Structures are given as C-alpha cells and as structure tokens.
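Q: Okay, so the sequence shown: first residue is 1 according to full-length UniProt numbering, each after it adds one.
Can you read through this structure? Questions will come right after.
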Amino acid sequence: MPYMEEQAAPMDFTKYFSVETVNRQRSALKVLRPYFEIPGMVSFGTGIPHPSTFPVNAMTISIPFAEKSVFIPGYNSLEPESLLPLAPYTAPSKAEPLIPDLADALSYSATYGAKHLLVWLKESIKRIHAPKYDDWEVCLTAGNTDGTDAVLRTLCNRGDTMLVEEFAYPGLLSPAATQGINCVGVPMDTDGVKADALDELMENWDEATQGRTPKLILMVPTCSNPCGMTMSEQRKRDVYRVAQKWDLLIVEDDPYCFLQIRPNGADSPIIPTFISLDTDGRVIRIDSFSKIVAPGSRLGYISAHKVLAEKLMNSRESATQCPSGFSVAAISAVLRAWGGHEGFEQKYIPYISDIYAKRCLNMISLLERYAPASTIEIPKGSGGMFLWVRLKIESHPDVNKRSADEIEQSVFQTMIEDRVLCVPSVYFKAPSKTVLTREEAARNSYLRISFALPPPEEMEEGAKRMGKSLRKEWQVEA
Ligand SMILES: Cc1ncc(COP(=O)(O)O)c(C=O)c1O
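Here it is in structure tokens:
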C-alpha cells in the first residue's frame with residue numbers, strides 16, 4: 001500500500017464507466033465549435049435566439065436573510081431604474097388560474113408539475129390543438145431535450161428501431177445512438193417526410209437484415225431543425241394514416257410551432273398539428289418555452305394519452321424530478337402579464353412569429369441578391385430559425401470527379417476561409433437504408449443557414465461572403 005503522501009499512480013477511471021458512458025455520442029455539431037470562435041466569423045451556424053427576443057429582461061428577487069432585494073440585469077437593462085412599473089397582486093381568475101407563487105413553486109412539486117400551470121397549459125392545448133379524444137394529459141418537462149429523453153427511455157430498448165426524418169436534429173440522433181436505439185431516416189421532400197416512402201419502408205421491413213420493426217416515428221413538423229420546413233395539414237394526414245396502418249406512435253417534437261410565418265398575424269390559423277388530427281391517442285406532442293421565452297428557461301410540456309403521460313412522467317422521477325420552481329413561477333408570471341390565453345394567442349405569439357418571419361424573408365432576399373442562382377436553390381421558408389438551401393452540386397465543375405459529400409465539404413471549407421459559417425447537411429443525415437445514385441446524391445446536398453441570431457448588417461455581410469464563396473466554388477464570374 002503506498003503511503004498517502006507518495007505520488008499515487010494516476011487512476012484508471014475507465015473501468016468504472018457504464019455501458020451508456022462508453023457508448024455516449026456527443027452532438028455531431030460540437031466539432032463546429034472552434035469555427036464559431038474564429039474572429040470576424042459571421043455565424044449562420046447556431047439556432048440560438050437573439051436575447052432581444054427574451055420576454056424577461058430584468059428581475060428582482062427579495063432575499064430576507066440579506067435584508068435586501070437584488071436586481072438581476074438582462075438585455076439592454078443594466079439599472080434597477082429600468083424595471084417596469086410593478087403590477088399589484090391580483091387573485092387569478094377561474095379562466096386564468098395561473099398563480100405565480102414562490103412558496104409553492106420552490107417546493108418539490110408533484111411530478112406532473114405545478115398544478116396551476118398544468119391546468120393553464122391543458123386549456124391552452126385544448127384551445128390551440130383541440131385533441132379529438134378525451135383521455136389525454138399534460139405534464140411539465142425541463143424542455144424538449146428532457147421530453148425527448150423521457151420518450152426514448154420510456155418506449156425504447158437497446159436494439160430498437162426509431163424512424164426519424166432523413167435529415168434530423170443531431171440533439172436527437174446522438175442520445176438515441178448512445179442508448180443503442182437504431183435511428184432510420186425516412187425520405188423527405190419539401191413537405192417533410194413522404195407518406196408513401198414511410199409506407200414502403202414499413203412494407204418491406206425485414207427484421208433479419210434491418211433489426212427490430214420500428215414502433216415509433218419522431219418528426220419536427222414545424223419550421224424543422226435542420227430543414228426549416230413546415231409539413232402541410234394534408235401531408236400530416238397522409239403520414240398519420242400510414243402510422244395507423246403500421247401501428248406506429250408519432251412523436252411530434254414541435255419547439256418552433258409558434259414561430260411559423262402567419263401572413264395575417266393572429267388571423268392566420270396555425271397549421272393543424274399531429275395531435276389535433278389524432279383520434280387514437282398515438283401522438284406524443286412535445287412543446288418547449290425555449291424558443292418563445294428563452295432556452296435557459298428549461299421548461300416545456302408533453303401532451304399525450306394519459307397512459308403514456310404517466311409512464312413518461314415516472315421516468316422523470318429519477319431524472320429532473322420536477323422542473324425548476326424559479327422557472328415555473330417566472331413563466332407563470334410572464335403568461336399572466338401577457339394577458340392569459342387571449343394575450344398569448346392574439347398578441348404575443350403573432351408578435352414573436354413576426355420577428356422570425358421578417359428575419360426569414362430578409363435572409364431569403366439577401367441570398368437572392370448575393371448568391372448566384374446557378375449555385376443554390378433557395379427554399380420558400382416557413383419561419384422558425386432555419387433555411388435549408390440546396391447546393392446545386394449537379395452543376396458544380398467537379399461533379400464528375402468528386403462525390404457530393406466531398407463537394408459539400410469543400411464548399412463548407414471555402415466559406416470558412418471567407419469567414420462565414422453554415423452547417424453542411426452531412427451533420428444531420430440520419431442512418432438510412434436508401435442508397436442514392438450519383439445523380440440523386442448530387443441533388444440531395446444542403447446547407448443549414450440559421451438566421452435567428454446575427455444582427456441585420458451581419459446578415460448582409462454573411463450573405464455577401466456566401467455569394468463570394470459560391471462563385472469561387474462554381475467558378476462563376478462576379
Ligand atoms: C428540433 C429540436 N428539438 C428539441 C430542441 C431542444 O429544445 P429544448 O431547449 O426545449 O430542450 C431543439 C433546440 O434547438 C430543437 O431544434
């Protein structure tokens with residue numbers, strides 16, 4: 001035994017690691033981090049909202065033990081004087097049961113979450129999505145990452161198969177892979193997952209060569225990450241019918257639902273969601289406050305059949321236990337301040353979606369102005385935070401010499417040299433059974449452009465730089 005003072009040999013911790021730790025895959029996007037830090041880089045890389053969109057820009061908290069209240073500054077609000085007038089406490093009305101009460105919120109809540117907020121959210125789901133069956137329930141989560149984790153842990157075993165979009169959110173692909181869940185991408189078009197492709201995939205599923213038959217499909221149907229597209233009601237109906245045929249559960253990860261473009265504001269209805277079409281109780285809907293309040297709020301909610309909701313929440317008992325009470329109290333207060341359901345639906349949601357709609361349309365017009373039409377195909381855009389721009393690899397000078405992936409990588413590198421960062425589609429590609437021909441691969445290569453964060457001048461500079469890189473790559477004259 002070495003004496004304590006002797007230099008012990010470094011411990012080998014690896015023998016303590018669980019299978020999950022050994023298999024843990026970090027998000028593929030983490031390798032892009034060093035590029036974000038290059039000075040002068042215009043980043044269209046991350047889907048982070050601009051802090052000016054956070055609806056809370058200062059707080060004071062009262063701390064009796066310190067005999068003072070402490071001011072917590074926020075965006076453009078560095079002085080306590082910038083605090084807005086205090087509203088007197090009013091008892092909640094029956095229709096708006098929100099009770100932002102710290103005595104309650106700062107205690108352990110029942111796992112389903114603070115009752116008053118749940119009642120409000122359930123009413124909100126009813127008003128906005130109107131599920132067509134009775135036995136559904138709402139429960140709080142710590143955001144959609146937590147909600148998705150609950151779904152994966154509740155419904156999937158190691159070796160199970162989960163269907164996902166052909167290009168999927170890496171924050172889903174990596175934890176699924178860590179848990180030994182085989183994700184399989186379903187082919188998409190500009191309207192999202194193709195119902196006929198889903199049907200064909202299920203029809204031809206062969207457990208001997210492809211593993212266990214899938215029992216669920218997860219999609220991001222509104223302003224999707226990465227593809228920025230929003231599935232039409234008809235496409236949702238078609239996919240739902242195929243899900244019924246093969247008895248698949250549908251997981252609707254929908255954090256961008258309220259950021260969709262609505263040309264007439266509150267008068268433009270939101271596109272019906274999967275849960276609003278669901279008659280069987282096969283849809284698990286996952287909502288988040290991350291994109292409409294702030295990512296750091298770490299609050300979200302799941303709506304699902306009550307049998308599923310109970311199991312999903314039981315999985316949180318040993319994970320988050322319950323969401324942060326500070327967040328529950330603050331968000332309840334924010335929802336009340338917005339004017340409850342009416343204020344949320346008629347004023348706040350149209351306001352926030354308009355911010356993203358303008359950014360989206362501005363990005364499109366900048367690309368139309370600065371990027372040669374022979375190099376990229378610009379989508380219509382549906383709001384949210386992303387544009388999914390197709391690279392016209394079929395007209396790239398090296399199309400017959402290099403693979404589509406190699407050309408995509410080269411375009412990415414040229415853009416980095418020109419100090420503009422977009423994310424190539426390879427980072428989002430889900431494992432797939434589909435083998436593309438060379439011609440098909442040349443037409444299936446994209447860049448994800450996030451227009452959520454850069455200020456307008458930087459957006460224009462970034463678009464100019466993209467135009468420069470694309471001209472170099474495609475050898476197009478200025
Ligand atoms: C499709 C998708 N799902 C889930 C998340 C994570 O959301 P949350 O912050 O609520 O965990 C994101 C965030 O970027 C996302 O794009």
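All C-beta atoms, glycine included, are put in the ideal place defined by N, C-alpha and C.
All values derive from a computational prediction rather than experimental measurement.
Whole angstroms are fine: how far does the CA of L447 sit from the CA of Q409?
A: 10 Å
Q: Could you give the distance in angstroms between the alpha-carbon of D206 and the alpha-carbon of L198?
A: When only Cα atoms are considered, D206 and L198 end up about 14 Å apart.
Q: Can you tell me which of the three DSSP states residue 480 falls into?
A: Here the chain comprises residues numbered 1 to 478, so residue 480 is not present and cannot be evaluated.
Q: Taking a contact to mean a Cβ-Cβ separation below 9 Å, would you say R390 touches R443 in this structure?
A: yes
Q: Is it buried or exposed, T209, if we count other Cβ atoms within 10 angstroms and call 16 or more buried?
A: exposed
Q: Whose C-beta lies closer than 7 Å to the C-beta of L366 among residues of the same chain, with five residues either side of it excluded?
A: M459, E460 and A463
Q: According to DSSP, is Y446 helix, strand or coil?
A: Note: Y446 maps to strand in three-state DSSP.
Q: Closer than 6 Å is what we want: which residues have a beta carbon that near any heavy atom of ligand 1? List them in chain order.
A: G47, G143, N144, T145, Y169, G171, V220, N225, D253, P255, S288, S290, P295 and G300
Q: Which term fits V42, buried or exposed, when burial requires 16 or more other beta carbons within 10 angstroms of its beta carbon?
A: buried
Q: Hey, L163 and V186: beta-carbon distance below 9 Å or not?
A: yes
Q: Taking the Cβ atom as the reference point for each residue, do D191 and M219 lie within a distance shorter than 9 Å?
A: no
Q: Taking its Cβ as the centre, do 16 or more other Cβ atoms sit within 10 Å of I217, making it buried, or is it exposed?
A: buried
Q: Could you compute how far the alpha carbon of A87 sits from the alpha carbon of I355?
A: 27 Å
Q: Going by beta carbon distance, what residues of the same chain come within less than 7 Å of residue 479, once the five residues before and after it are set aside?
A: Residue 479 lies beyond the stretch modelled for the chain, which goes from 1 to 478, so this question has no answer here.
Q: Can you find the residues in the same chain that come closer than 8 Å, C-beta to C-beta, to residue 493, ignoring five residues on each side of it along the sequence?
A: The requested residue 493 does not occur in the structure, where the chain is confined to residues 1 to 478.
Q: Are I48 and T60 close, meaning C-beta to C-beta below 9 Å?
A: no
Q: From what residue to what residue does the alpha helix (DSSP H) around G462 run?
A: P456 to W474
Q: Hey, is S18's beta-carbon within less than 9 Å of any beta-carbon in chain C?
A: Absent from the structure is chain C; it holds one protein chain and no more.
Q: Please report the straight-line C-alpha distance between S77 and V193, rounded to a whole angstrom.
A: Their backbone Cα atoms lie some 43 Å apart in a straight line.
Q: For P350, tell me which candidate among S224, G265 and R298 has the shortest Cα-Cα distance.
A: The residue among S224, G265 and R298 with its C-alpha nearest the C-alpha of P350 is G265.
Q: Could you tell me which of P214, F167 and V22 sits nearest to residue 479, measuring between CA atoms?
A: As shown, the chain starts at 1 and ends at 478. That puts residue 479 outside it, with no answer to give.
Q: Quick one: any contact between the region 136 to 145 and the region 116 to 128, if contact means 3 or more CB pairs under 8 Å?
A: yes
Q: When the distance is taken between beta carbons, is A452 closer than 9 Å to S315?
A: no
Q: Per the contact definition of three or more C-beta pairs closer than 8 Å, is the region 25 to 32 in contact with the region 417 to 435?
A: Counting Cβ pairs under 8 Å, three or more are found: they touch.
Q: Only counting runs of 4 or more residues, tell me where the alpha helix (DSSP H) segments fall wholly within the region 328 to 386, in order along the chain.
A: 349 to 370
Q: Measure from the alpha carbon of A309 to the alpha carbon of each residue in G113, F44 and T375, then state which is nearest.
A: It is G113.
Q: Just to confirm the assignment, what range does the beta strand (DSSP E) spanning L163 have?
A: L163 -> beta strand (DSSP E) spans T161 to E165.
Q: Locate the alpha helix (DSSP H) running through G45, then write down its first and last residues.
A: Neither: G45 is in no alpha helix (DSSP H) and is coded neither H nor E.
Q: Could you name the residues of the same chain whose beta carbon sits closer than 7 Å to that of E233, not counting the 5 residues immediately before and after it, in chain order?
A: Only residues of its own chain outside the window of five on either side were considered, and among them I271 and P272 have a CB closer than 7 Å to the CB of E233, listed in chain order.
Q: Quick check on G296: does DSSP put it in helix, strand or coil?
A: helix
Q: Distance check for I38 and T21, CA to CA, integer angstroms please.
A: 31 Å
Q: Mind checking which residues open and close the beta strand (DSSP E) that includes P73?
A: For P73, the enclosing beta strand (DSSP E) has its first and last residue at K68 to P73.
Q: Less than 9 Å between the beta carbons of I449 and M363, yes or no?
A: yes
Q: Would you kindly check if the distance between the Cβ of S332 and the Cβ of L117 is under 9 Å?
A: yes
Q: Within 10 angstroms of the Cβ of D254, are there 16 or more other Cβ atoms? Answer buried if so, exposed if not.
A: buried
Q: Give the DSSP bridge partners of D405, in chain order.
A: The partner list for D405 (beta bridge, DSSP) is empty, contrary to what the question assumes.
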